[in-house]
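**Q**
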Amino acid sequence: MATENRLKTMAGWLVERFQEIWRKAGVRQCLLALAIFLTLIGILLANLVPLQYDLKVGQVSPRDIEASRTIENRYETERLRNDAVESALEEARANPDSYIIDERLVEAAEEKLSFLFERAADLRASEYQDIPPELVPKRPPTSFNQRVTELQTSLREEVDLDVDRQSVEMLLSAPKDTFVAMEQAAKTLAIKMLRNYRIDQENRHEIIDRMQQQVTEYNFPDTAQETVANIVKGVIRPNLILDTDKLESVRRAAVQGITPAMVLQGEIVVRKGDVITRERLQILKDLGLQKR
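Start counting the sequence shown at 6; every next residue gets the next number (this note's numbering).
(1) Which residue's Cα is closest to the Cα of glutamine 157: Thr147, Asn150, Phe149, Val168?
(2) Within its chain, find whatever has a CB closer than 8 Å to the CB of glutamate 116; leave out the 5 residues flanking it on each side and keep chain order.
(3) Would you kindly work out how many angstroms separate the C-alpha atoms of tyrosine 80 and isoleucine 281, rounded to a whole number?
(4) Around the C-beta of leucine 110, are 16 or more other C-beta atoms found within 10 angstroms, so that it is buried, or is it exposed?
(5) DSSP three-state call for tyrosine 104: helix, strand or coil?
(6) Give the straight-line distance between the Cα atoms of threonine 193 and threonine 154, rounded to the nearest whole angstrom.
(7) If we count the other Cβ atoms within 10 Å of its Cβ and call it buried at 16 or more, is phenylalanine 184 buried or exposed?
(8) In whole angstroms, give me the CA-to-CA distance for serine 131 and serine 172.
(9) In chain order, what residues of the same chain lie with their CB nearer than 6 Å to the CB of tyrosine 223, ignoring the 5 residues before and after it?
(10) Start and end of the beta strand (DSSP E) containing valine 233?
(11) Cα separation between leucine 199 and phenylalanine 122?
(12) Once you ignore the five residues that flank arginine 152 on each side, which residues in its own chain have a CB closer than 7 Å to its CB?
(13) Should leucine 269 go down as buried or exposed, given a rule of 16 or more other Cβ atoms within 10 Å for buried?
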C-alpha cells in the first residue's frame with residue numbers, strides 16, 4: 006500500500022512538472038518542431054526503403070511492381086553480350102585471316118621423318134657393310150621383303166605414316182650417300198612447305214604439286230626424288246589453327262560494343278499475374294525489392 010502511494014505521488018509530480026514545462030511557450034514550440042521533424046524523417050525513410058517481396062521463380066506476382074530507381078538490367082545485358090560474342094566469333098571463324106600456321110604440326114612432321122629415317126637406317130642391310138663382323142648387332146636374319154613389311158608396319162602403327170612399298174624398298178636399298186641426301190631433302194622440304202605455306206583442304210594438292218617440283222631440283226636419281234616426294238606428301242596436311250589472341254580481341258570488342266540494358270525508374274518490372282522469371286527476380290533483387 007505504501008509503494009502504491011509513492012507511485013501515485015511520483016506520477017502526480019511528473020504530470021505537474023510536464024504541465025509547468027508545457028506552459029512555457031519556447032519549450033512548447035521546440036517540442037512541436039521536434040515532433041514535426043521526426044514525422045518528416047519517418048515519411049522520408051518510408052520512401053527510401055521500398056516495400057520488399059518474398060517471391061520465387063515460377064510464382065505469380067500478386068501486384069504490379071515498379072522500379073523505384075533506374076538500374077542496369079544485368080540479366081538482359083549479359084544475354085545481349087553473349088549473343089554478340091557468339092555472332093562475332095562465328096564470323097571470325099569463317100574468316101581465313103583468323104587462322105595462323107600451327108608450329109606444333111611442323112615439329113610433329115619433323116619428328117615423324119626423323120623416326121622414319123632412323124628406323125629405315127636400322128633395317129638397311131648395307132648399314133653394316135663397312136663395320137667389322139664382331140660389331141654387327143646380333144639378330145635373326147630377315148629377308149629384304151620382311152624388312153620392307155616391318156618398316157611399313159612400324160611407320161603406320163607408331164607415327165601414322167602410310168608409305169608405299171616402292172618408296173620403302175628404295176629407302177632400304179639406296180646407297181648410303183643417296184639415303185643421307187634423301188633424309189636431308191625430305192626434312193628440308195617438309196619443314197619449308199609446312200612453315201611457309203598456309204595449307205587447307207582446298208589447296209593441299211596445289212602445295213603438294215609445288216613440293217614435287219622442288220624435289221626435282223635435288224641432284225639424285227629419279228627414283229630417289231620420287232621416294233622423297235611420296236614421303237613428304239605424307240606429312241603435308243592442313244596446318245592452320247584459330248588465332249586465339251585474335252579471337253580474344255574479337256570477343257572483347259563484341260562485349261564492349263553492347264550498350265547496357267536499363268530498367269528506368271517508374272517502369273513496371275512485374276505486372277500483377279505475371280509469372281516470376283529469373284530475369285525479373287534478378288531485377289527485383291538489384292532494386293532491393295526482393296527479400297534476401
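All residues carry an ideal CB built from backbone N, CA and C; glycine is no exception.
**A** Reading off the structure:
(1) Val168
(2) Val164
(3) Approximately 14 Å, taken between the alpha carbons.
(4) buried
(5) strand
(6) 26 Å
(7) buried
(8) Because the pLDDT of serine 131 is 47, which lies under 50, any placement of that residue in the model is unreliable, and the number read from its coordinates should be weighed accordingly. Straight-line Cα distance between these residues: approximately 17 Å.
(9) Ala190
(10) First-last for valine 233: 227 to 238, but that is the alpha helix (DSSP H), not the beta strand (DSSP E).
(11) Straight-line measurement puts the Cα of phenylalanine 122 at about 19 Å from the Cα of leucine 199.
(12) For arginine 152, where only same-chain residues beyond five positions count, the Cβ hits under 7 Å are Leu128, Leu177.
(13) exposed
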